[in-house]
Amino acid sequence: MPELPEVETILRGISPHLIGQKVHAVHVRQSRLRWPVPDKLAQILTGQTIDAVKRRAKYLLLRTSAGSLMIHLGMSGSLRIVNDEIPPGKHDHVDICLDGLTLRFRDPRRFGSMFWLDPGSDSHPLLDKLGPEPFSGMFNGEYLYRITRKRRVAVKQLIMNSQVVAGVGNIYANEALFRAGIRPDRAAGRISRIRYENLAECIKKVLSDAIKQGGTTLRDFSGGHGQPGYFQQSLNVYGRGNQTCVVCLRPLKVIRLGQRSTVFCNRCQT
DNA sequence: AAATTCTCCTGAAGGC
DNA sequence: TGCCTTCAGGAGAATT
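The first sequence begins at 1249 in the working numbering and counts up one residue at a time.
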């Protein structure tokens, strides 16, 4: 599923094809995503020029002088630059047609969403509630330590809370906690300042490492083929339940935390 | 206020 | 081969 590194990689892949381009047509074949695609989307976006493409958390923003299209990929969404003669498939819900190329939104499970933002503000209720970007200076160990005093929620659920930090999903929460040597089910309020400093650095590092790999495994944005890789080869715990820990060779534990699959090493993570 | 549960959806995988 | 069940999960809304 697209997490922050995948969204960032998609952004870098599609931006060069979009910036400065005029939208000639918009086709909405399925408007029932997580929330309805705005009725006015085609009318308002057609004829506009895409001035910039930005990311906030896992949202992409396509900016025009008439406002911005805000896109979330949910867990099965993808954006691809295709030749406009390639016929849409079953789950290709929205096409944004440029000069000869089309930005195609596909989302089999339809957990994704699109909103229209009025010009200037880049403000939306869903954006305004988000916590700091993980790469920002605001996000650090001191911040995590400060907001977690007396909180008993599991630290993994804490860092997956988008109001705490934006864009950390299940894969990288598992991976960051393994790197930091912290049990995912440890109460957030029972973690020292120094361990939070380590955790914040591990979150930044695991995300930036994944973005670097995204450059190699997610590089094809033009063609209709190929599923994005999920960086399997560099994952230490996610998807490796009951396999051996890469450090101590003991079997990795699998538990559920907040309906999410959670994998960790009982020995390396305390 | 904080924490937990519910909800949307369909493809993949496993059992029989 | 094919049908059925189970699971996966982002994250806001609803509920406790």
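Ideal placement from N, C-alpha and C gives every residue a C-beta, glycine not left out.
Three-way DSSP call (helix, strand, coil) for residue i in this model
i	result
alanine 1402	strand
serine 1313	coil
serine 1482	helix
arginine 1303	strand
histidine 1272	coil
histidine 1339	coil
arginine 1328	strand
arginine 1508	strand
leucine 1497	coil
histidine 1473	Confidence at histidine 1473 is low in this model, with a pLDDT of 38, below 50, so its placement is unreliable and the value that follows should be read with caution. Note: histidine 1473 maps to coil in three-state DSSP.
leucine 1374	helix
isoleucine 1344	strand
valine 1255	helix
Residue burial classification, residue i (beta-carbon count within 10 angstroms, cutoff 16)
i	result
proline 1382	buried
serine 1440	exposed
glutamate 1254	buried
glycine 1474	Legend: pLDDT at glycine 1474 = 41, less than 50; position of this residue unreliable, no value from coordinates given.
threonine 1396	buried
Test item: CB-CB of residue i and residue j under 8 Å
i	j	result
leucine 1293	valine 1301	no
isoleucine 1258	leucine 1327	yes
arginine 1357	glycine 1337	no
leucine 1281	serine 1361	yes
isoleucine 1238	valine 1271	The question about residue 1238 has no answer, for the chain in this structure spans 1249 to 1518.
proline 1342	valine 1285	This sequence places valine at residue 1342; proline is not what is there. Yes; because the gap between Cβ atoms is below 8 Å, this pair is in contact.
valine 1511	glycine 1489	yes
Next item on the list: Report the residue ranges of all alpha helix (DSSP H) runs contained in full by the region 1414-1463; include only those spanning at least 4 residues, in chain order.
Entry: Listed in chain order, they are 1418-1428.
Notebook entry, point to check: How about the region 1420-1438 and the region 1402-1411: do they share at least three Cβ pairs that are nearer than 8 Å?
Noted result: Short answer: they touch.
Next item on the list: Could you tell me whether the region 1385-1396 touches the region 1416-1430, where touching means 3 or more Cβ pairs closer than 8 Å?
Entry: Note that the region 1385-1396 does not touch the region 1416-1430; fewer than 3 beta-carbon pairs, one per stretch, sit closer than 8 Å.
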